[in-house]
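Reading through the C-alpha cells given below for one structure.
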C-alpha cells in the first residue's frame, strides 16, 4: 500500500510546484465572479496556467495540451490547491467541452475553438438540461430546424447553465428529428452566445444567489458548420461529454470543501457539544463517511495510475459527499442554533446549496438505477419510451397518466 | 499511489478462499445453534500459517502487515467461518512487541492466545474500563497488584475458552496501564464458557482473575492491540457484507413478481445499491486502517474506529436487506440469511460495541481539532 508518488510523478510535481512558486504572485484572489474585473483576471490567470503547462494537462500536445494522464491532472489540482491560488476558470470547457470537440469536432472546429478555450480567451458553457429534460436528458425539446440555405433555426430553453452570463460559446443538444425515437433525433451544436435571439437570465437558488442561468433561444440562426459530429448523432457526442464529466467529478475529490477537519472544527468551538453523546455519535458517523471518501478518492487515483478509468460506481462518492455534508450541516446548525442560518453564515450557504446538489449531474435516484444496472447487473425498469418516435411520446405519457 | 493488492496479497487471498471452502459449512452453524458441536477450525488456522501473521519473523512469525491479516478475515467473514483469530491475533501483537518467551509457539499455532478486551480511556472516560457482563455502566479494568499478579473480571472475551494465554491491559496502583500476559493454566485463572450467544460461529467466555500470575509485556503499546481487534472485526464484517450483497443480487435477478424480476423495481434496486455504497465506504476505511497501522500510527486509533463503524453499519444494513430482499423465506431457518443476521447482531455488541467506536472517531478528531 503506497500513497506516495512514483519517481516520475514526484519529478512532475516538483516541476509544477516550482512554476507555481515563481508565478503565484501574479494570481488573482478567489473572490466571487460577479463582476467583469474578477472574471477577466481569472481568464488571464487561466492563460498563464496554460502557458506554464498547468491547464489542458490531459489534452493532446497538438491542441496545446501536455499529453499527460489523469494522475498528472490530479497532481496539478493538488499543487494549485496547496499554493492557495485559483485554478482554471473554465472547468467545464477544459474538462468536458474541449475533449468532446477533440473527439467529435471537424478540423476547422478544432483549430477555431480549442486554442482560445484553453487560454481562457473564450469561456464555454454546457447547454444540455432543460426544464423537462434533466435525468432523462434525451427528452430535450429545444428544436433545431435546417433551412433551405443549410443554416439552422434554434428555438427552446435550457437551464442550470453555469457561466452562461459571460460564456462566448455553448455546446447545445437539440432535437433535429422528432419522428424517430428520442435518442436518435438529436444533434450537437456550437452556439455563439452573442447571437441574436439568445436571452440569459440568472436562476436564483435557495441561498438567494444566482450561480446558474436559464438560457432562452428565440429563432436563433446557426451556421451549417455549427454541427458537432453528425446530424442525428448528438446522443453519442453527449455521452462523450458525460463520460468526461464523470472523470472531472471523480478527480475533484474533496474540492467542495466538505471534509472531516472543517466540520469537526466547527463543533469543537462549542465546549458543551463536544461532551454531548448524541452530538458525538452523529459527528463520528459523518466523519467516518468523509474519511471513507478520502480513501475512496485515493482508490480512484490508484486505479488511474494503473491505467483504468473509474466506472459508474465512482458516482457513489457523490452520494456520500452530499449525504455527509447534509448531515454535517444539520448537526452544526443544531449545535450553533439559529445563528448558523444567518444570511452571511458559511453554514447557511452550505445548507442552502445541498438540496440542489443532490440532483446535480443526474438525480440520486437515476444514479442508483445506473449503478444498480451497470455495476450490479440488475435488470432495468420497464420503459414506455423505447422505440417510440419522440413526437408520439406525449400521447403515450397522457395515456399512462389517465390509466 | 498504489492501493491495488500485490501479487502476494492476491495469492494469500486465493489460498484463504481455497482453505476456507474445506471447513465452511453453514449446516454445522445451524446445528450448533440447536446444541450440536461448535465448529473448531484452529488446526486449519495453524496449518495455513495464519496464527503468526502479525508476529515478526524474529519471534517465529511470518511478519505480514495488518492489511494482509484483514484480507484473511474478509475471506473468513464471507463464509461465516469460525477461526479464533479475533482473539488470537491482537494478543500476538502484544506478545511480539515484548518478545515474550514462547511467542514462537503462538506464532506457529501450537498454542492459542486470546486478547482481553480492556477499553482504552477516552476524552470522556479517563479510566481503562471493560464492557459489563450486563447493562451499560462500564466495569473496571483488571488491576495489576503490587506482587505482580492480576485480579479482576473481563466479560465477553472472544475466543477465551480453550486459550493457553490471555493478553491485555491491567492497571497498576499508580493508575498506569500495563499490557500483561497470563497463562491460563496458572492458579487464579477461571474462564467461564463456551458461552453461546445467538451466533454459533463465535467462541465467547467470561474471564475471572484472582491474584493470577502475570508477566508484564514491556514494550507493548497498551492501546495498539485494542485497535487491531477493532480493525480485524471490521474486516470480518466487511466480508459478510460482500456475500450478503452477492446473494441478494442473484436472488433479485431470479425472482419474479407481477411479471418482472424484483431487481427491476427501484425500491429493491436502490436498497442493493445502498449496500454497495456502504460496502465501498467500508473498504475505503479498511484500507485506511491497514495503511495507518504501518505508516501513520498516530491516526491508527481513528482509522480502526472508523473501519469498525463503517463495516459494522454496512453489515447491519446488508444483513437486514438480504432478509428483506428474499421476502418471507429470508427470515426462515431454511435460509442462510438468518445466520448472517445473527453474526451481525452479535458482532455489533462485542469489543465495546459499535457506538463506542463511533464515539471514538468523534473524540479523536475533536481532540485533534482542539490541538
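Protein chains in written order, with this note's numbering: chain U, 3 to 405; chain B, 796 to 1166.
Quick reminder that beta carbons are idealized off the backbone N, C-alpha and C, glycines included.
All figures in this text were calculated on a predicted structure; none of them were measured in a lab.
- Taking residue 1028 of chain B as reference, the option from B:839, B:872 and B:806 with the minimal CA-CA separation is B:872.
- Cα atoms of residue 337 of chain U and residue 389 of chain U: separation of roughly 54 angstroms, rounded to the nearest angstrom.
- Of U:127, U:315 and U:167, the smallest CA-CA separation from residue 174 of chain U is found for U:127.
- In the DSSP annotation of this structure, residue 957 of chain B is not part of any beta strand (DSSP E), being labelled neither H nor E.
- Within chain U, the C-beta atoms nearer than 7 angstroms to that of residue 1072 of chain B come from 318, 321 and 322, in chain order.
- Here residue 994 of chain B has 1137, 1138 and 1141 as same chain residues with Cβ atoms under 6 angstroms from its own Cβ, once five neighbours each way along the sequence are excluded.
- Per DSSP, reduced to three states, the secondary structure at residue 106 of chain U is helical.
- Approximately 6 angstroms separates the beta-carbon atoms of residue 94 of chain U and residue 164 of chain U; this is inside 8 angstroms, confirming the contact.
- In this structure, the straight-line span from the alpha carbon of residue 985 of chain B to that of residue 945 of chain B is close to 12 angstroms.
- Excluding five sequence positions before and after residue 855 of chain B, the CB atoms of its chain that fall closer than 7 angstroms to its own CB belong to 847, 898, 899, 902 and 903, given in chain order.
- In its chain, beyond the 5 residues on either side, 40 have a beta carbon closer than 8 angstroms to the beta carbon of residue 34 of chain U.
- Taking 8 angstroms as the upper bound on Cβ-Cβ separation, chain B lies near residues 367, 370, 371 and 373 of the stretch 362-373 of chain U.
- Within the same chain, and ignoring the five residues on either side of residue 62 of chain U in sequence, the residues whose Cβ sits closer than 8 angstroms to its Cβ are 69 and 104.
- Excluding sequence positions up to five before and after residue 942 of chain B, its CB lies less than 6 angstroms from no other CB in the same chain.
- Taking the Cα positions, residue 843 of chain B is about 19 angstroms away from residue 801 of chain B.
- Residue 272 of chain U has its alpha-carbon roughly 13 angstroms from the corresponding atom of residue 341 of chain U.
- Closest option to residue 1056 of chain B, judged by alpha-carbon separation, among U:309, U:122, U:379 and U:325: U:379.
- Just so you know, the alpha carbons of residue 797 of chain B and residue 1050 of chain B end up roughly 40 angstroms apart.
- Within the DSSP bridge table, the entry for residue 215 of chain U names U:204 as partners.
- Residue U:177 holds the alpha-carbon nearest to the alpha-carbon of residue 148 of chain U among U:177, U:166, U:132 and U:135.
- Per DSSP, residue 128 of chain U lies in no alpha helix (DSSP H); the unbroken beta strand (DSSP E) holding it starts and ends at 126-129.
- At least one CB of chain U lies nearer than 8 angstroms to the CB of residue 1065 of chain B.
- Between residue 292 of chain U and residue 76 of chain U, the gap from beta carbon to beta carbon reaches 8 angstroms or more.
- Under a 10 Å Cβ-count criterion, residue 398 of chain U is classified as exposed, with fewer than 16 other Cβ atoms of the shown protein chains found around its own Cβ.
- Taking a 10 Å sphere around the C-beta of residue 309 of chain U, we find fewer than 16 other C-beta atoms and assign the residue as exposed.
- Legend: CB atoms of the stretch 220-249 of chain U lying less than 8 angstroms from CB atoms of chain B are not found in any residue.
- Within the model, the alpha-carbon separation for residue 171 of chain U versus residue 1100 of chain B is close to 50 angstroms.
- At least one CB of chain U lies nearer than 8 angstroms to the CB of residue 798 of chain B.
- For residue 1013 of chain B, same chain residues with a beta-carbon under 6 angstroms away, outside a window of 5 residues either side, are 893 in chain order.
- The three-state secondary structure of residue 836 of chain B, taken from DSSP, is coil.
- Taking 8 angstroms as the cut-off, the beta carbon of residue 265 of chain U is found closer than this to the beta carbon of residue 334 of chain U.
- Residue 171 of chain U sits in a strand when the DSSP states are folded into three classes.
- Remark: C-beta atoms of residue 243 of chain U and residue 102 of chain U approach each other more closely than 8 angstroms.
- For the pair residue 817 of chain B and residue 1030 of chain B, the Cα-to-Cα distance works out to about 21 angstroms.
- By DSSP's assignment, residue 132 of chain U forms a beta bridge with U:135.
- Looking at the DSSP output, residue 965 of chain B sits in a beta bridge with B:973.
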